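**Student:**
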Amino acid sequence: LKEEDVWLAVSRKSDLTEEIMAADSERDALYMGYRSAVKGFTRSSTPEKAKAATTLWNNLTAHRINSNMQLERETFLIVNLTDDCEKKYATEVQKLGLNPYVEALKA
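74 is the number that this note's numbering gives to position 67 of the sequence shown; each next residue is one higher, with no gaps.
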């Protein structure tokens with residue numbers, strides 16, 4: 008009976024589960040990198056960069072993204088965040104050189 012339970016558990020597991028988990032981990036790392044970069048720029052000695060970072064930080068915290076939340080919800084929030092970065096806050100993102108993070112998060 009235990010052997011049947013093991014095989015049943017294996018058959019329930021999607022073939023893509025490991026790929027999805029790896030992609031999610033990579034995206035979480037990119038998000039944390041973006042978040043850390045923005046937070047770091049809020050302490051910039053250049054007032055323009057500090058102001059741009061504060062604007063992005065406020066937008067970032069408004070999304071309330073948590074890497075432990077349900078995958079679909081996190082994905083939705085990151086899509087919204089990257090959309091904001093490309094449209095509403097493109098100038099700020101460009102000023103801080105954060106386009107590579109935004110592009111990577113979209114992928």
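C-beta atoms are modelled at their ideal positions from N, C-alpha and C, and glycine is treated no differently.
Remember, predicted model here, so these are calculated numbers, not experimental data.
Where T49 and W64 are concerned, what is the direct C-alpha to C-alpha distance, given to the nearest angstrom?
**Tutor:** 8 Å
**Student:** DSSP on K46, reduced to helix/strand/coil?
**Tutor:** helix
**Student:** Measure how close the beta-carbons of Y96 and N66 come, nearest whole angstrom, since I'm counting them as under 8 Å.
**Tutor:** 6 Å
**Student:** Helix or strand or just coil, what does DSSP make of G40?
**Tutor:** helix
**Student:** So, for V109: in the same chain, excluding its five sequence neighbours on each side, which residues have a beta-carbon less than 7 Å away from its beta-carbon?
**Tutor:** T89, C92, E93, V100
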